[in-house]
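*Asks:* Here you go, one structure.
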Amino acid sequence: MKSQRKKRFLKLNPKHITCLKVIIHAVSLFFLTVLVLQTFNDSFGADPVKDIEHFTGKAALNTLFITMLISPIAMYLKQGALVKTRRVLGLYSFFWALLHLSVYVSLDLGFDWALVGEEITQRPYLAIGAISWLILLLLTLTSTQKLQRILGARWQKLHNWVYLALILSPIHYLWSVKSGITEPVIYIAIASLLLLSRRYKFKRGLDNISANRDQKTTTSN
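Just so you know, the sequence shown maps onto residues 1 to 221 in full-length UniProt numbering.
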């Protein structure tokens, strides 16, 4: 009886999830406030634009990694309700990525769209960053429950593209820095571990693709 009570007590309920979401909003607002205050108080270094880009880029990367950690943590702790926090974390990841891109386009390139296109095509790390950003944009636009119902099984296939963004984002970070590669390498290592933890999911996906291909071949014959 006592163990059952303890188990029920430890199980997350909707109120706990609401509290966690409030904490996520509060922490995100705190770091946004830090960014604004540091910007207007000239607290950044000799190249404030680069510093702001790094601040917003790392915020997007950190939030994306936390988002991807939710599922393994929920499985390990047997707290299925915890996955309900993924959407708000994912939205904040895109929010920071949007700020990151906006700072680059506005303050670095002065809204010169021809130059933006030229930079992306000539600098591989920017192309990788652009791909990651577009993936996050697509996932954000399709994150509602209504679109999840409309897309059905295709919704999960679409949102599996987040794994590509997960590995491309730290590679973008690594290529963008001229020195101090330790931190981006750590990000790449963590991303690799997260992908490795989902290897069975990837194997199932590849098996399904192979099975569908064989079925189409048999049907055509």
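Beta carbons are placed, not taken as given, at the ideal position from N, Cα and C, and that holds for glycine.
Computed from a prediction, not measured in an experiment: that's the story for all the values here.
Is it buried or exposed for Phe-40, if we count other Cβ within 10 angstroms and need 16 for buried?
*Replies:* Result: exposed.
*Asks:* Could you pull out every residue in the same chain whose Cβ sits closer than 6 Å to the Cβ of Pro-72, ignoring the five residues on either side in sequence?
*Replies:* Only Ser-197 meet the Cβ criterion.
*Asks:* Candidates Lys-50, Thr-56, Asp-51 and Val-49: which alpha carbon is nearest Ser-28's?
*Replies:* It is Thr-56.
*Asks:* Could you check whether the stretch 48 to 55 touches the stretch 98 to 110, counting it as contact only if at least three pairs of C-beta atoms, one from each stretch, sit closer than 8 Å?
*Replies:* With the cut-off at 8 Å, the stretch 48 to 55 and the stretch 98 to 110 touch.
*Asks:* When the Cα atoms are used, what is the spatial distance from Thr-85 to Thr-63?
*Replies:* So the alpha carbons of these two residues sit roughly 12 Å apart.
*Asks:* Please report how far the alpha carbon of Ala-26 lies from the alpha carbon of Ile-66, in whole angstroms.
*Replies:* About 15 Å.
*Asks:* At what residues does the alpha helix (DSSP H) containing Ala-97 begin and finish?
*Replies:* Residues 86 to 103.
*Asks:* Within 10 Å of its beta-carbon, does Thr-103 have 16 or more other beta-carbons around it, so buried, or fewer, so exposed?
*Replies:* Checking the sequence, you will find Val at residue 103 rather than Thr. Looking at its Cβ environment, which holds 16 or more other Cβ atoms inside 10 Å, Val-103 is buried.
*Asks:* Against chain C, with Cβ distances strictly below 8 Å, would Leu-166 count as a contact?
*Replies:* Going by chain labels, chain C is absent from the structure shown, which holds only one protein chain.
*Asks:* So, do the stretch 174 to 192 and the stretch 139 to 147 have three or more beta carbon pairs nearer to each other than 8 Å?
*Replies:* No, the stretch 174 to 192 is not in contact with the stretch 139 to 147.
*Asks:* Classify Met-75 as buried or exposed, calling it buried when 16 or more other Cβ atoms lie within 10 Å of its own Cβ.
*Replies:* Exposed, by the Cβ-count rule.
*Asks:* Give every residue of the same chain whose Cβ lies closer than 8 Å to the Cβ of Ile-70, excluding the five residues on either side of it in the sequence, and list them in chain order.
*Replies:* Taken in chain order, the residues that qualify are Leu-82, Val-83, Thr-85, Arg-86 and Leu-89.
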